[in-house]
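Q: FYI, in the working numbering the residues of the sequence shown are 32 to 117.
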Amino acid sequence: MGNRPRPRPQHDPAYRRLCELLRTWRLEADLTQAELGAVFDRPHTFVHKCEAGDRRLDPVEFVRWCRACGVKPEKAIAQLAAKVRK
32 MGNRPRPRPQ HDPAYRRLCE LLRTWRLEAD LTQAELGAVF DRPHTFVHKC EAGDRRLDPV
92 EFVRWCRACG VKPEKAIAQL AAKVRK
């Protein structure tokens, strides 16, 4: 009864950490939003919305994002897991 409602998934601090990582990986790969968007056959706004937390990535998109940025998906998950608290 006195429980606070959980934030919407895209506003959860843990998801915000993922958004930060997505942007970091893209920048480290020296890709523009337009270049990464082309990997998905989508406009740069797709990338922006993912990085801003306005659009969530599904697992397949996550793997494609990682590979496009030269990040091994399993290492990306480990990196994210290290940043996510309980």
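Glycine included, every Cβ here is placed at the ideal spot set by N, Cα and C.
So, at 8 Å on beta carbons, what are the nonlocal neighbours of Phe-93 in its own chain, with the 5 sequence-adjacent residues on each side left out?
A: Hits under 8 Å: Pro-104, Ala-107.
Q: Taking only three categories from DSSP, how would you classify Phe-71?
A: Coil.
Q: Excluding five sequence neighbours on each side, which residues of the same chain lie with their C-beta closer than 8 Å to the C-beta of Leu-111?
A: So the list reads Arg-48, Leu-49, Leu-52, once near-sequence residues are dropped.
Q: For a quick check, are the C-beta atoms of Ala-120 and Cys-100 less than 9 Å apart?
A: No statement about residue 120 is possible, as the shown extent of the chain runs from 32 to 117 and does not include it.
Q: Which parts of the region 42-112 are runs of the alpha helix (DSSP H), unbroken and 4 residues or longer, counting only runs that do not cross its ends?
A: The qualifying runs are 44-59, 64-70, 75-83, 90-99.
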